[in-house]
Amino acid sequence: MLIENDPTRLSPALHAIWLEVCARVLRERGWHLFLTQTHRDQEAQALAFSQGKSRARWGESWHNLEPALALDFAVVSDFTKIPTRRWSMPGAFDWDERKLAFVGRVAEQCGLVWGGRFTGVRDLPHLQGPAAAAPGESWHALSPSGREARVAEEIASRHSQVFELHPRKNFSNRFPSP
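Counted the way the working numbering counts, the sequence shown spans residues 26 to 203.
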């Protein structure tokens, strides 16, 4: 089992917006963010499910897609305790709900879906691409390039809507037209 936090395992569109979220949070609050999970393999998904950390079984989570369309994050509290491999030392991350909620709101403004809005089990340190499958279409049945194109299109659409709602804010549109 591999606890994967490699940003190259994320969809390029999700990775690009994640970088924007990180930059905005750093600029507005001075907080550094850390990816704690990107792609989740079958064994890691089974463990997350058995521990109650995920309601999804293997193949049902956006973490399971290749490339991943979901990520988990943390707010860094102590850089000296950041993991060098797979595990972190206690105290490396700040799990304060208010901080996670702020990051979640920034991510929503950038077009992502925040796990803090999930019904049932709220997942505060979770972000994912928007659901962009057409009605009656299986999201998991789309090819990776098809999913990537849909996510990029949906994020760009949401990003431009935020810009239209807040024209005085300087949002840089970093997404190419699909």
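Positions of the beta carbon are idealized from the N, C-alpha and C atoms, including for glycine.
Cut-off 6 Å between Cβ atoms - residues of its own chain near residue i, not counting five sequence neighbours on either side
i      : result
Glu133 : Trp139
Val101 : His57 and Phe59
Val46  : Val131, Ala132 and Cys135
Asp119 : Val100 and Ser102
Leu44  : none
His40  : Pro32
Glu29  : Thr63 and His64
Residue range of the beta strand (DSSP E) that includes residue i
i     : result
Ala99 : Ala95 to Val101
Phe59 : Leu58 to Gln62
8 Å contact criterion, which residue i and residue j should meet: CB distance rounded
i      : j      : result
Ala38  : Gly154 : 7 Å
Gly136 : Leu149 : 19 Å between Cβ atoms; not a contact.
Thr61  : Phe98  : 6 Å
Beta-carbon gap between residue i and residue j smaller than 8 Å
i      : j      : result
Leu96  : Leu152 : yes
Ser86  : Arg54  : no
Pro92  : Arg142 : no
Lys106 : Ala117 : yes
Leu72  : Ser36  : no
According to DSSP, residues forming a beta bridge with residue i
i      : result
Gln153 : Ala95 and Val138
Asp148 : DSSP output for Asp148 lists no bridge partner at all.
Phe143 : None; Phe143 has no bridge partner.
Asp31  : BP columns for Asp31 are empty, so no partner.
Phe104 : Paired residues: none, contrary to the question.
Asp121 : In the DSSP output, where bridge partners are listed per residue, Asp121 has none listed.
Cβ shell of residue i (< 7 Å), same chain only, five flanking positions each side left out
i      : result
Asp208 : No statement about residue 208 is possible, as the shown extent of the chain runs from 26 to 203 and does not include it.
Lys78  : none
Asn89  : Arg65, Gln70 and Trp83
Gln67  : Trp83
Ile42  : Cys135, Gly136, Leu137 and Ile180
Pro115 : none
Glu162 : Summary for Glu162: the model assigns pLDDT 46, below 50, so the residue's position carries little reliability, and this model does not support an answer.
Terminal residues of the alpha helix (DSSP H) in which residue i lies
i     : result
His40 : Pro37 to Arg54
Leu72 : Gln67 to Ser75
Contact test: residue i Cβ vs the ligand GTP heavy atom, cutoff 7 Å
i     : result
Trp87 : The model on display carries no ligand, and the ligand GTP is accordingly not part of it.
Close beta carbons around residue i, own chain, < 8 Å, minus the five adjacent residues each side
i      : result
Arg80  : Phe74, Gly145 and Val146
Glu122 : Leu149
Ala126 : Gly141 and Leu149
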